[in-house]
Amino acid sequence: MFGFISRRLVMAVVVMFVVALISFTLFRFVGDPINQMVGIETTPEQREALRERLGLNDPIIVQFARFIMGALQFDFGNSYQFKQPVAELIGKRLPATLELSFVSALFALFVGVPMGVYTGLNRHSAISKLFLSVSLIGVSLPTFFIGILLIFVFSVHLQWLPSFGRGDVVALGGWWTTGFLTVSGLKALILPAITLGLFQMTLIMRLIRAEMLEVMRTDYIKFARARGLPSRSINFIHALKNTMVPVITITGLQLGSIIAFAIITETVFQWPGMGLLFLQAVQNVDIPIMAAYLMLTAFIFVTINLAVDILYVVIDPRLRTERSGL
Amino acid sequence: MRKRIAAAAVLLAAFTGQQASAETLKFAFQGTYNQLDPYSLNETFTLSMHGNVYEGLTARTPDLQIVPGLAESWEIIEPTRWRFHLRKGVKFHNGNDFTAEDVAFSAERIRSEGSDLTTRVEPGVKVEIVDDYTVDFVLPSPNPILHYEWNTWYIMDKEWTEANDAVAVTSASDTSPNHASLYANGTGPFKITTHEPGVRTVFEKFDGWWNEPKHNLDRVEFTPIGSDATRVAALLSGEMDMVYPIPVQDIKRVNENDGTTALTGPELRTIFLGMDQRRDELLYSDVKGKNPFKDVRVRKAVYQAIDIEAIKSKIMRDLSTPSAIMISPFLFDNAEEFERYPYDPEASKALLAEAGYPEGFSVGMDCPNDRYVNDEAICQAVAAFLARVGIKVDLNAQPKAQYFAKILASGGYDTSFYMLGWTPGSFDSYNVLLNLHNCRDDAGNGGPFNLGGYCNEKVDELTQQILSENDPEQRNALITEAYRITTDEVSHIPLHQQGLAWGVADSVSLEQRADNQFDFRYVVKN
Amino acid sequence: MSILEIRGLTVEFPGRKDTFVAARDINLSIEPGKILGVVGESGAGKSTVGNAVIGLLEHPGRLGAGEIFVHGERIDNLPAKRMRELRGKRIGMIFQDPLTSLDPLQTVEFQLVETMLEHLPISKGEAKQRAIDLLDQVGIPNPAERVKQYPHQFSGGMRQRVVIALALCAEPEVVIADEPTTALDVSIQAQILNLMKKLCAEKNVAMLVITHDMGVIAEITDHVAVMYRGNLVEYGESQQILGSPQHEYTKSLIAAVPRPDVRVHRFPQVDYIEGSAKPFKQIDIATHWLGQSRDYTPVDGALLSVDQIDMKFMTRNAWLPKNRQFFQALKKVSFDIKPGETFGLVGESGSGKSTVARVITGLYHPSAGTVTFAGQELTSLHDRRQVLAMRRQMQMIFQDPYSSLNARMRVKDIVAEPIKFHKLASTNSECFRIVDDLLDHVGLGSAAGKKYPHEFSGGQRQRISIARALATRPRFLICDEPTSALDVSIQAQILNLLKDLQDELGLTMLFISHDLAVIRQMCNRTGVMRFGELLEVQETEALFESPQADYTKELLGLMPSMDMLSRDNLEEEVA
Amino acid sequence: MTDQTTRPEDVAEKGRIARIIDSDIFHSFIRSKVTVIAAIVTAIFMISALLAPWIAPHNPFDLAQISILDARVPPIGMDASDPSFLLGTDDQGRDMLSGILYGMRISLAVGFLSVAFAAVLGIFLGLVSGYVGGRTDAIIMRIAEVQLTFPAILIALLIDGIANGVFGNLDRERWAVWILTFSIGLSFWVQYARTVRGSTMVEKNKEYVQAARVIGIPSFIIMFRHVLPNVMGPVLVIATINLALAIITEATLSFLGVGVPATQPSLGTLIRIGNDFLFSGEWWIAIFPGLALAMLVLAVNLLGDWMRDALNPKLR
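Residue numbers (the UniProt record's numbering), protein chains in the order written: chain A, 1 to 326; chain B, 1 to 526; chain C, 1 to 575; chain D, 1 to 316.
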């Protein structure tokens with residue numbers, strides 16, 4: 001187990017290094033940061049001087065080496081726009097994104113899994129077909145449009161829920177802020193979380209359904225029936241648990257993409273998270289933020305992958321012994 | 001556990017409730033308020049926010065008249081020596097007194113490396129402290145508009161800046177954050193208590209302000225909301241007291257909504273089209289070997305093909321002022337003397353035929369899509385109008401980051417036909433003529449924002465005369481002469497001054513400034 | 001009195017166009033402590049009967065008519081809930097594949113206790129104790145420890161014991177075993193059959209064993225029912241039916257079973273069997289392409305010799321060579337095959353016999369040792385043209401007729417591929433003429449060429465495989481379990497075909513099988529393999545008469561006795 | 001157990017079409033009403049998109065035909081509507097109906113092209129990875145893993161930026177579709193590669209592949225002639241679902257400002273433009289393209305759903 005985790009960790013580092021390298025090579029082409037850092041009246045000489053001071057004229061390899069050296073010490077430089085250390089900026093935005101992602105993942109799981117189980121078990125029922133078709137609406141419209149429509153209905157018309165932001169947040173410790181502890185914070189979570197989770201919910205539901213359909217045809221389910229076990233036990237103890245391995249893989253990947261999709265949702269709802277920060281960074285060619293964000297995304301992804309692998313082992317006893325045995 | 005959370009929520013509600021009972025203004029803008037160093041970025045919104053915290057020697061009233069600010073009065077002792085008498089009894093937010101030392105210090109700092117506002121105080125200007133409340137500025141040559149932009153030259157506290165090791169202007173190349181970019185210490189009516197860049201900024205009333213407040217606010221909360229729809233929704237749903245800008249199409253909706261009104265008015269920025277007249281062959285065109293825009297007839301044909309009134313009514317929903325010259329009529333007294341060339345597609349076609357392009361030609365057009373009001377829609381409309389006279393426009397609309405990177409000097413003026421907006425920072429035509437009309441070389445020396453490379457030496461000459469002419473009448477005549485030449489030669493195609501549209505809750509009254517700056521000093525909330 | 005009684009059972013599967021009757025008017029009964037065998041080939045409807053009894057017919061199957069009684073109580077019309085309570089409690093079921101019958105994510109104890117608690121009025125503690133007792137009864141050593149383990153930690157045979165324990169844990173009166181030993185090796189099969197027989201007597205349950213294997217019937221059943229295409233064709237005491245079958249189908253079925261004790265020249269042509277080879281255009285081998293231009297160099301001595309072959313598979317990769325783990329599939333295997341002979345390799349699963357075939361054909365590269373074919377050492381051959389020339393001379397027929405043909409290609413393209421690839425025909429039309437002839441010759445008819453493999457049955461597909469193998473005009477043919485996936489009657493035809501081809505074309509063959517009876521029918525000499533080692537090589541007859549290795553003796557001893565089977569219709573070969 | 005194979009000689013030669021109509025798949029298709037409706041909707045949309053230049057009342061891409069004076073005409077049935085603009089016009093005076101028809105063309109083009117690109121790339125890499133195995137497999141799968149760290153939106157944002165940077169003199173009208181195709185395709189290939197790799201690893205151990213190897217056929221040919229056709233089933237399903245996803249992704253990207261240019265709008269661009277007019281009462285500018293997009297994507301997804309079940313041999 002130790003060897004397994006350490007192997008994954010080494011790979012994680014390699015993946016992150018590659019991500020850093022690729023993203024860094026790409027940044028060269030996304031635009032000139034200088035234009036966003038100075039007013040329009042700044043003369044070309046002044047711009048050139050600033051470029052020189054920022055080291056933007058150095059060979060790309062030198063810039064990359066500088067970046068890696070910094071990154072190793074968790075120093076991603078200063079944001080061009082905000083004149084603040086990037087690590088600090090992202091640190092402040094992280095809780096917002098993680099809370100939003102967490103809630104929308106919960107939404108996706110707690111709605112998606114039961115619906116998936118139901119439609120998998122009752123393949124031909126009318127309700128299943130209804131679930132399947134209705135859930136598709138979530139993937140049939142672009143996220144931003146769904147968000148705007150929700151705002152239009154629930155904020156502007158009904159005035160039930162806020163249209164933007166996190167509401168009141170409470171600081172926990174020195175570095176975390178949470179919207180879970182206030183009424184306005186919880187209300188503010190609802191629309192963005194639904195917008196963000198809708199897509200994943202549909203995916204998870206369909207995945208569970210497909211896996212359930214397959215598992216229900218396996219010999220061990222037939223054998224469980226032949227032993228006269230009640231359907232509750234067959235469906236949930238035997239079938240659902242066996243669908244979990246593929247479901248965890250995809251859900252893991254989806255969690256990663258929730259964080260990426262948060263870019264859109266955060267923009268629509270002005271959610272003060274990393275995605276919003278990143279999009280602003282792209283618009284303003286704020287290279288340090290972009291680099292740090294991509295590294296963080298890669299890190300989160302790699303961590304999720306690792307967690308998924310460990311979860312496999314927890315769920316599937318076959319993986320536990322194959323390592324020690326044989 | 002549950003009980004405890006409930007208790008916390010009640011406590012919190014009580015806490016926020018208490019705050020709400022004081023007059024709090026919540027407002028949103030489309031962009032972010034990034035950092036607090038008053039000399040780091042020369043950009044309207046940033047300066048506007050700084051202006052509620054810091055003050056300059058001069059100030060501008062809501063109708064943009066120059067009035068005394070931290071200087072009670074000033075006089076031109078000799079053509080090259082200006083004397084400023086400073087206001088007494090002014091205190092910074094940290095309690096320090098405002099003195100001539102601070103002015104001299106600020107003058108040095110704003111000219112230092114890393115400042116984006118170095119033009120506020122030219123390098124040749126000497127600052128002489130006469131006494132604690134008198135400062136002399138000695139100029140290398142006469143300059144009648146020396147103080148025009150000094151309302152945004154914010155005076156900083158020397159002692160505070162030095163104590164916090166923030167003498168150097170905040171620059172992106174710094175490895176550690178500059179104190180002045182995270183905290184503010186001005187003399188203005190508000191102090192910043194919380195600043196989370198990109199998330200929110202909280203301003204609180206400064207009780208020690210030297211002036212009698214006209215506002216009744218205790219607290220101002222600013223949130224950036226980038227998405228137009230969300231911003232409007234936040235106003236309509238009552239979550240915001242004021243948001244700006246409002247997309248022109250939503251003005252009606254904001255007015256129809258109970259409890260909100262759209263405040264509209266003309267803005268100072270002039271939107272115009274420019275054409276590359278410098279290269280011998282256009283970068284993006286099917287015309288090879290020559291540059292059609294070098295021919296004034298072609299430029300005029302483009303001008304007359306555009307129906308500015310249609311753009312005004314259909315795209316701008318009447319919230320624009322078609323302009324015949326490159327500056328707002330508010331900033332130039334003789335503006336009425338100029339008239340636009342009439343919209344006349346037939347004349348346009350005739351001009352093109354005369355110039356040797358009876359079948360028209362194709363040209364690539366660069367356009368921002370997130371910079372000006374309806375910028376992309378205007379460009380599309382222009383493309384459609386030009387299509388009817390035979391000029392095929394390949395439109396390349398991009399976000400401002402890529403757009404400016406391409407068309408400005410740093411991008412090698414990589415454009416053939418572009419849209420740009422210009423507000424002269426000094427509110428004066430000299431700025432317009434110098435930046436947009438003076439000849440330039442390939443590196444941008446001369447008129448740095450004369451992207452098309454229009455060049456007429458007479459205009460350059462007039463520009464220099466305007467700079468040093470102290471007599472207003474004479475000066476206006478010179479400016480008129482310059483504009484007359486550029487208009488005749490169709491150096492640019494001015495389109496309009498775009499309109500301002502702020503959405504305001506009916507419980508709030510405020511003053512809308514034509515330069516789109518939001519001054520908390522005049523906000524009253526009931 | 002009988003515990004299980006089936007009267008007039010008819011099972012229907014309504015289809016889109018017509019209703020398929022899987023079982024028609026079946027009448028059976030079993031007494032306690034007795035075993036009833038239901039035997040038949042694929043499609044006979046024997047599993048349908050079992051599923052109908054336990055009430056788990058596959059969608060859209062339904063009972064068309066008939067009644068089922070357990071202990072006199074009618075059960076076929078019970079509501080679903082009552083039926084569920086009955087399953088496991090009164091009727092237990094054992095499935096074919098022990099590897100897939102157990103939930104891989106739950107311990108054996110969990111599955112046993114769960115089932116018992118559902119049906120028996122006992123506490124959890126008692127159930128756990130019973131679980132251990134049960135494992136002990138089905139012959140699992142260390143039951144207290146193993147009960148905590150997961151299914152994957154048991155071997156195939158042990159898992160089938162667990163399945164049996166599960167089927168019996170709630171003390172049912174009737175147990176249905178659907179092909180309980182088909183997926184197991186011979187030695188394990190014998191143990192499981194013995195166990196079933198023993199438990200049946202001890203617990204006094206009535207057992208219904210569904211199988212295609214006459215050996216199993218002969219070994220454990222008291223009564224037997226023979227099914228053919230949904231009909232019960234013969235039913236009575238096993239001794240009686242196997243010894244002197246009355247029905248034509250039963251007769252031909254019994255005649256087609258390969259005997260370990262008798263060597264026949266040809267299997268009797270069986271009526272009643274579909275897809276049998278009808279005479280198509282006969283080819284005169286002497287003048288035909290197949291027999292022509294056999295430009296192979298003649299050899300003296302062995303055509304093929306395998307010398308000291310080792311084969312290792314990496315089971316775990318690692319950066320450091322010392323951390324890598326290997327599985328030794330072959331250990332120093334050596335043998336020779338003489339021109340024209342059929343050499344047999346016999347062994348249980350995992351013995352490495354198929355690996356030998358794959359090493360010879362070059363699919364695997366041996367870790368050590370050499371393979372020499374017609375005087376040419378293959379393992380060191382690198383020139384591509386020479387390799388191809390060798391490949392052309394040896395071909396292989398695979399075990400699984402369903403996966404050995406590319407489902408996306410037409411039959412004629414499948415057979416033509418080797419001809420085209422080796423450029424054995426000068427024109428396209430010649431090539432397809434040859435393909436037509438080949439298909440005729442293996443008994444399919446040239447019309448078959450236009451179809452896709454899924455339109456054929458298993459036996460027919462195996463004929464296509466043979467045609468494809470012949471298409472390179474090989475002199476050496478490897479048959480890797482060519483009939484183990486086929487019904488006995490089809491197996492008999494394919495074995496006949498192989499024998500004919502060998503006679504006509506003078507082929508040399510390597511014949512691999514787990515079935516000693518088949519080996520005895522096909523091979524001149526035979527080697528016995530176990531755990532990657534070749535234990536002994538002998539003339540086949542000698543091997544059966546006087547085995548040398550202990551393992552060979554054990555294998556021979558475990559074979560189900562076929563003594564009681566009728567010997568009518570057999571033309572014994574004079575050795 | 002119900003092995004009902006007919007004798008080869010008994011099977012009369014049936015026409016291909018007759019066989020398709022007789023097949024189980026076709027039958028399951030006809031039986032599912034939702035699927036039939038989805039197929040009809042998809043077909044109508046695709047055909048009308050294909051025929052847009054002939055059936056659309058106006059050409060929304062020809063700027064000379066657009067008059068801004070026609071801007072924001074409401075759809076038929078509302079006050080101030082104009083019969084020549086059935087579904088009204090947008091802020092530029094473009095006929096919405098024509099805009100939707102032409103926009104659908106672009107959306108479908110981006111969808112199909114990016115799916116094709118992703119499928120070709122993914123299938124090739126998956127095949128090689130699964131068939132060759134070993135180090136090649138490890139490298140390709142690591143690349144796939146890195147690729148997965150960059151979600152579609154990020155990739156597209158970056159690639160669009162790069163395309164602008166590298167080809168500064170980019171004619172967006174001509175290239176936008178290709179850039180989008182490339183960036184969306186690039187983010188989808190992993191799924192194909194993984195699926196194909198999985199199936200290939202199963203297929204390569206099947207005996208028909210070994211038979212081909214025994215004949216002496218080189219790996220490359222085996223991969224493409226034998227293995228490829230046998231792993232295409234799941235690919236088809238993924239491709240259908242991805243077609244829908246690609247169209248949505250394109251729409252999302254246009255929201256972020258990196259979609260196709262507004263002068264040649266796709267459905268997504270139309271929605272993005274219309275988004276600005278939701279509050280101002282000109283709802284038709286967003287709602288009609290939104291409806292068209294939703295119907296198209298829904299129909300394609302439903303088809304994909306059905307295909308997933310119908311092509312899954314385990315579910316029959």
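Ideal placement from N, C-alpha and C gives every residue a C-beta, glycine not left out.
### Message
What does DSSP give as the partner residue(s) for ASP300(C) in the beta ladder?
### Response
None; ASP300(C) has no bridge partner.
### Message
Restricting to Cα atoms, I'd like to know which of PRO144(B), PHE404(B) and CYS455(B) is closest to ARG81(B).
### Response
PRO144(B)
### Query
In this structure, does DSSP put SER362(B) in helix, strand or coil?
strand
### Query
Taking the alpha helix (DSSP H) that ARG166(A) falls in, what are its first and last residues?
Unbroken run through ARG166(A): none, as it is neither H nor E.
### Query
With 16 as the cutoff for other CB atoms within 10 Å, does SER21(B) come out buried or exposed?
The pLDDT assigned to SER21(B) is 46, lower than 50, so where the model puts this residue is not dependable, and the model offers no usable value.
### Message
How far does the alpha helix (DSSP H) with MET240(B) in it extend, from its first residue to its last?
### Response
Segment: none, MET240(B) is in no alpha helix (DSSP H) and carries neither H nor E.
### Task
Name, please, each residue of chain D whose Cβ falls closer than 7 Å to the Cβ of LEU143(A).
A small correction: the amino acid at residue 143(A) is Thr; Leu does not occupy that position in the sequence shown. Those are THR252, listed as they occur along chain D.
### Residues in the segment 195-217 of chain D having any Cβ partner in chain C nearer than 7 Å
Answer set for the segment 195-217 of chain D: LYS206, GLU207, TYR208, GLN210, ALA211, ARG213, VAL214, ILE215, GLY216 and ILE217.
### Query
DSSP three-state call for ASP488(B): helix, strand or coil?
helix
### Message
For a test of the three-state rule: what should DSSP assign to GLN395(C), helix, strand or coil?
### Response
GLN395(C) sits in a strand when the DSSP states are folded into three classes.
### Query
In chain A, what lies closer than 7 Å to ILE315(B) by C-beta?
Near ILE315(B) there are no residues of chain A at all, since even the closest Cβ is about 21 Å away, more than 7 Å.
### Per DSSP, the bridge partner or partners of TRP176(A)
LEU172(A)
### Message
Is the beta carbon of VAL67(B) closer than 9 Å to that of residue 586(B)?
### Response
Residue 586(B) lies beyond the stretch modelled for chain B, which goes from 1 to 526, so this question has no answer here.
### Message
Here's a check: name, in chain order, each residue in its chain whose Cβ is nearer than 7 Å to the Cβ of PHE338(B), leaving out the five neighbours to either side.
### Response
Excluding its 5 nearest sequence neighbours in each direction, PHE338(B) has C-beta neighbours in its own chain below 7 Å: ALA324, ILE325, TYR483 and THR487, listed in chain order.
### Message
I need the straight-line Cα distance from THR118(B) to PHE449(B), nearest angstrom please.
### Response
17 Å
### Query
Is the beta carbon of PRO246(A) sitting closer than 9 Å to the one on TYR150(C)?
No; because the gap between Cβ atoms is not below 9 Å, this pair is not in contact.
### Message
Using 9 Å as the threshold, is the C-beta distance between PRO44(A) and ASN445(B) below it?
### Response
yes
### Task
Report the residue from HIS226(D), GLN147(D), ARG213(D) and GLY198(D) whose alpha carbon sits nearest the alpha carbon of LEU21(A).
GLN147(D)
### Contacting residues, own chain, Cβ-Cβ under 8 Å from PRO123(B) (five flanking each side not counted)
ARG111
### Query
List, in order along the chain, the chain A residues whose C-beta lies closer than 7 Å to that of LEU166(C)?
ARG227
### Query
Is DSSP giving VAL130(B) helix, strand or coil here?
Note: VAL130(B) maps to strand in three-state DSSP.
### Query
Where do the N-terminal and C-terminal ends of the alpha helix (DSSP H) with GLN328(C) fall, by residue?
For GLN328(C), there is no enclosing alpha helix (DSSP H); the enclosing beta strand (DSSP E) covers residues 325-337.
### Task
Could you tell me whether the segment 363-370 of chain B touches the segment 401-416 of chain B, where touching means 3 or more Cβ pairs closer than 8 Å?
By the criterion of at least three beta-carbon pairs nearer than 8 Å, the segment 363-370 of chain B is in contact with the segment 401-416 of chain B.
### Message
Determine, for GLU88(A), whether the minimum Cβ-Cβ distance to residues of chain B falls below 9 Å.
### Response
yes
### Message
Going by beta-carbon coordinates alone, are GLN502(C) and ILE397(C) separated by less than 9 Å?
### Response
no
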